[in-house]
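Notes for the one structure printed next.
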Amino acid sequence: MRHFTIAVLAALVLCVAGLAASASPAAAQLYAADGGRAAGSLYRINPLTGAASVVGTIEDSVGEGYAVGGMAFDGEGTLYAITTVGWAQSEIETELLTINPATGEATLVAGTGQRSFAGDITFIDGTLYSFFASGNCVIQLGAINTTTGAVVCAGSAGAGGIVGGGLAYDATGEKLYASLDGVDGDLRTLDPLDSSVDATLSLDGVGGMYTGGQAIGALTYYNGTLYGIRKARGDDVVHLVTIDTTTGAVEIVGMLPPGVDALVGR
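In the working numbering, the protein residues as written are 170 to 435.
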């Protein structure tokens with residue numbers, strides 16, 4: 170009987186440990202954040218259904234809130250984010266943050282020196298990149314120093330605009346994907362060395378915000394799949410989608426909370 174009791178207790182311990190692991194922040198596969206409010210929210214996202222659960226408000230230790238337009242994990246698991254500003258607020262400096270993925274608490278790293286609408290962010294071989302609409306890097310890829318926030322222009326991707334502003338790097342295939350042009354809604358494959366355009370792919374069902382269609386507002390490459398956020402200008406309906414990088418097919422996974430503007434997989 171004693172051996173049986175010990176075996177049962179051991180099984181219970183393993184079960185509880187397994188449940189704790191599955192519920193931990195590290196088990197979350199996708200994170201999203203909204204950029205439409207002064208203080209956005211951080212969400213965990215189920216990559217199979219799009220179901221979202223709130224992690225917390227994105228604010229610092231003194232209650233200063235931040236609206237986030239892009240997020241990316243570095244190689245050590247630190248979650249970086251860049252703030253978003255509207256087209257009518259070009260006097261506001263874009264800022265670089267880190268976010269605790271377990272709580273949503275933000276820490277300001279530094280200003281970027283760019284008074285510009287910024288798109289998505291992604292790491293390429295340890296360097297953080299984003300696209301900027303104006304400032305020093307007009308419609309260009311910019312390398313962001315994760316200590317000082319300083320931006321160095323790294324080249325253009327031939328985009329006529331950055332509505333959408335999705336950016337994601339596939340480290341396995343060494344491909345940089347960008348959804349930057351609000352006119353045609355195309356997906357570009359860029360050379361990660363100089364951001365020149367290697368290929369352009371029309372996306373199914375994405376016509377571009379400028380023409381009343383829908384744009385891909387964020388990209389992240391996770392577990393061999395390119396995920397994106399699809400939304401229309403002025404519309405609160407936001408979908409998590411997958412994108413076939415060969416055919417351009419866009420498949421809806423599920424609906425996301427209104428205002429979501431950033432997406433990252435870990």
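All residues carry an ideal CB built from backbone N, CA and C; glycine is no exception.
Element boundaries [beta strand (DSSP E), containing residue i]
i      : result
ILE412 : 407-412
GLY225 : 221-226
LEU372 : Premise fails: LEU372 is in no beta strand (DSSP E) and is neither H nor E.
GLU420 : 419-425
SER365 : Looking at the DSSP string, SER365 is not in any beta strand (DSSP E), and its letter there is neither H nor E.
GLN309 : 309-313
ILE199 : It is Leu, not Ile, that sits at residue 199 in the sequence shown. Segment 199-203, the beta strand (DSSP E) holding LEU199.
ARG213 : 210-214
ASP339 : 335-339
TYR298 : 296-301
ALA279 : 275-280
ARG357 : 356-359
ALA250 : 248-252
SER230 : No beta strand (DSSP E) contains SER230, which DSSP labels as neither H nor E.
ALA241 : 237-242
LEU345 : 344-348
Secondary structure of residue i, DSSP reduced to three states
i      : result
GLY261 : A quick correction: the sequence has Ile, not Gly, at residue 261. ILE261 falls in the coil class under three-state DSSP.
ASP430 : strand
ARG435 : coil
MET378 : Reliability of the predicted coordinates at MET378 is poor, the pLDDT of 46 falling under 50, and the value obtained from them is presented with this limitation in mind. The answer is helix: DSSP assigns MET378 an H, G or I state.
ASP289 : strand
THR267 : strand
ARG284 : coil
ALA207 : coil
GLY318 : coil
THR416 : coil
LEU217 : coil
Cβ-Cβ distance between residue i and residue j below 8 Å
i      : j      : result
LEU505 : ALA275 : Nothing can be reported for residue 505: it is not among the residues displayed for the chain, which extend from 170 to 435.
GLY209 : ALA236 : yes
LEU345 : ILE293 : yes
GLY311 : ALA431 : no
TYR391 : GLN198 : yes
ALA250 : VAL429 : no
THR148 : THR267 : Residue 148 lies beyond the stretch modelled for the chain, which goes from 170 to 435, so this question has no answer here.
GLY417 : ILE385 : no
GLY288 : LEU211 : no
ALA347 : LEU359 : yes
LEU395 : LEU372 : no
MET240 : VAL433 : yes
GLN309 : ALA323 : yes
Proximity test, Cβ basis, 8 Å: residue i and chain D
i      : result
ARG284 : This model lacks chain D altogether, as it is built from one protein chain only.
Is the region 363-371 close to the region 404-411, with three or more CB pairs under 8 Å? Using a Cβ-Cβ distance cut-off of 8 Å, the region 363-371 and the region 404-411 are not in contact, since fewer than three pairs of beta carbons, one from each stretch, lie closer than that value.
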